[in-house]
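Residue numbers (mature numbering (1 follows the signal peptide of the UniProt record, and there is no 0)): -39 to -1, 1 to 588. We treat Cβ as the ideally placed atom computed from N, Cα and C, and that holds for glycine. Remember, it's a predicted structure, so these values are computed and weren't measured experimentally.
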């Protein structure tokens, strides 16, 4: 097994005596004509237009996109797995959590709902807890007005049920008729309760529907969930209005779905004998009562048309919400069949939607006939995957590095309160969200120079993990089969923790390198803001918030999109070429003063660096940057 942080599999840093020979070879290579490491490197060296030169903000809804989800059925993947990917859009802190399975006493309850501070005011209530809840992996976050933290959009549980939450705006009349206060579980409650209680995707829908039927539903204007297991998927849409309206549609082995927003269109009027659909009892009758639908002569109801809102106008080039047109994106998924795990990771990472508002990246790799339930895997990027690596987390893992736990950066309410000393030691650790956000802000300022290299590095890093994961799973399985579950879980825990730590070290190295190159090539672009006559402070001391909540569109916020994804195209256009383990810089090199990134395109960018490469060959593999 490769030592995490070293070079290709099975190769660590060479011993010191070997470095003299390496230096001689490096010097010879340095004198030869150099070829860019990536096909697009030569173009990336040209300073790109700064982010601030993009078209001026358009007036439009701030929440034109809140989250995204992708489903690909098992007959359309290269290994017969079901793939479920996506992320939530939240300007909030995010942190990984492994929640253990738990037993609960008789009479235990769960708090659900929202407070009066929500946009649609709610009231917190208690509902009965079940006797046993399942283990699950999730990314928590802290900020959504009136919705108590920790919040979640979903994750993966021990039964290989994966959940994603995606917004789905209800029609205006439904939003307006929502009672104040409203009661019942909200989107995060449902996601968490499904992970805690469901053993299949179908059961997850049944659980959510029963909870809404019995306790009501709290909403900010409509929502949906995309749920999957190793066999099938389901789209669940919950409508605003306080009427308890919900509907669900099954996704089979040959189906794809992009929830951006979540939607259901044709829904049968007679669904009693149709196992592919579920819904509230008055789903059709309520629409008739409101004169929104006439059932006579119809066999189905278009739920998006009747209860929802339309997609941005075809063909999906709406300036306020670029690329947010699910039919077009679903065509991309179909065209990519058979789709690989790497394809789905790249789809979630695509700069068209992975930007400053993306809280994380998740891909559930749902496999039939797992050798052991603890091997179920969720790949998680700690913030937007466009500039952050995925780490594989098996459901059998028992703990995470402290760095990946909750921190105060972007956490709701932190600026108004002192830190509780109980959390001080945890807060002292480096926070990957902050590290990879810094990388995003540098990269997206000059995407032509940096984005391709950053992507290649992270995809190479992930390729190294893919090289090792099979061996690790075999080692864990041997322990499980020998009856030593603790040891099997320890193997899985060490694997993910070591790679997560390496990912943070790699991110630190990349930030330092890109920062230095930015300062050398462009300097730091300082903010330019108009100030009122009664303010004497400089622009850098003014409010850093992006616009008003009613005038912010998708492309106003920080993003690396180069017009259709990367410089060389979208996920579909880049399919077939994946991460190269050799593209990862030796970020563990220990010698000070020189950059240890020989495999990055910018180090081999021209013959002017030749002698420097030769002279640095003796210690490139030995330098180590501190985290």
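Looking at residue j and residue i, is the spacing between their C-beta atoms short of 9 Å?
i, j, result
"residue 350", "residue 387", "no"
"residue 429", "residue 456", "yes"
"residue 190", "residue 298", "no"
"residue 314", "residue 29", "yes"
"residue 44", "residue 305", "yes"
"residue 171", "residue 356", "no"
"residue 148", "residue 181", "yes"
"residue 53", "residue 367", "no"
"residue 309", "residue 323", "yes"
"residue 406", "residue 486", "yes"
"residue 73", "residue 146", "yes"
"residue 177", "residue 203", "yes"
"residue 459", "residue 449", "no"
"residue 96", "residue 62", "yes"
"residue 109", "residue 85", "yes"
"residue 161", "residue 81", "no"
What is the residue span of the alpha helix (DSSP H) that residue i lies within?
i, result
"residue 148", "148 to 158"
"residue 229", "Per DSSP, residue 229 belongs to no alpha helix (DSSP H); it is in the beta strand (DSSP E), 227 to 229."
"residue 468", "446 to 482"
"residue 397", "393 to 406"
"residue 136", "133 to 137"
"residue 385", "385 to 388"
"residue 238", "From DSSP, residue 238 is part of no alpha helix (DSSP H) but of the beta strand (DSSP E) over 238 to 240."
"residue 267", "264 to 268"
To the nearest angstrom, how far is it from the Cα of residue i to the Cα of residue j?
i, j, result
"residue 56", "residue 137", "34 Å"
"residue 184", "residue 199", "5 Å"
"residue 497", "residue 504", "14 Å"
"residue 373", "residue 107", "11 Å"
"residue 216", "residue 300", "12 Å"
"residue 312", "residue 188", "24 Å"
"residue 518", "residue 548", "30 Å"
"residue 536", "residue 257", "47 Å"
"residue 401", "residue 348", "5 Å"
"residue 70", "residue 91", "8 Å"
"residue 601", "residue 128", "The structure shown has nothing for residue 601, since the chain only spans -39 to 588."
"residue 411", "residue 293", "26 Å"
"residue 40", "residue 427", "14 Å"
"residue 125", "residue 192", "16 Å"
"residue 344", "residue 49", "10 Å"
"residue 173", "residue 470", "48 Å"
"residue 346", "residue 248", "40 Å"
"residue 105", "residue 51", "8 Å"
"residue 151", "residue 265", "21 Å"
"residue 38", "residue 418", "25 Å"
"residue 370", "residue 395", "7 Å"
"residue 270", "residue 226", "11 Å"
"residue 89", "residue 285", "38 Å"
"residue 64", "residue 94", "7 Å"
Would you grab the beta carbon distance between residue i and residue j for me? Rounded to a whole angstrom, and I think it's under 8 Å.
i, j, result
"residue 540", "residue 303", "7 Å"
"residue 99", "residue 144", "With 8 Å as the limit, residue 99 and residue 144 do not qualify as a contact, their Cβ atoms being about 24 Å apart."
"residue 132", "residue 224", "Not really, about 13 Å apart at Cβ, beyond 8 Å."
"residue 361", "residue 461", "7 Å"
"residue 307", "residue 532", "5 Å"
"residue 206", "residue 241", "5 Å"
Drop a sphere of 10 angstroms on the beta-carbon of residue i, count the other beta-carbons inside from all chains shown, and report buried for 16 or more, exposed for fewer.
i, result
"residue 520", "buried"
"residue 431", "exposed"
"residue 398", "buried"
"residue 236", "exposed"
"residue 230", "exposed"
"residue 135", "buried"
"residue 499", "exposed"
"residue 157", "buried"
"residue 493", "exposed"
"residue 121", "buried"
Could you spell out where the beta strand (DSSP E) holding residue i opens and where it closes?
i, result
"residue 55", "55 to 60"
"residue 88", "86 to 89"
"residue 112", "112 to 118"
"residue 77", "Residue 77 -> no beta strand (DSSP E), and no H or E assigned at all."
"residue 322", "322 to 327"
"residue 196", "194 to 199"
"residue 186", "184 to 189"
"residue 97", "97 to 102"
"residue 353", "352 to 355"
"residue 177", "Run containing residue 177: none; DSSP gives neither H nor E here."
"residue 336", "Unbroken run through residue 336: none, as it is neither H nor E."
"residue 48", "43 to 49"
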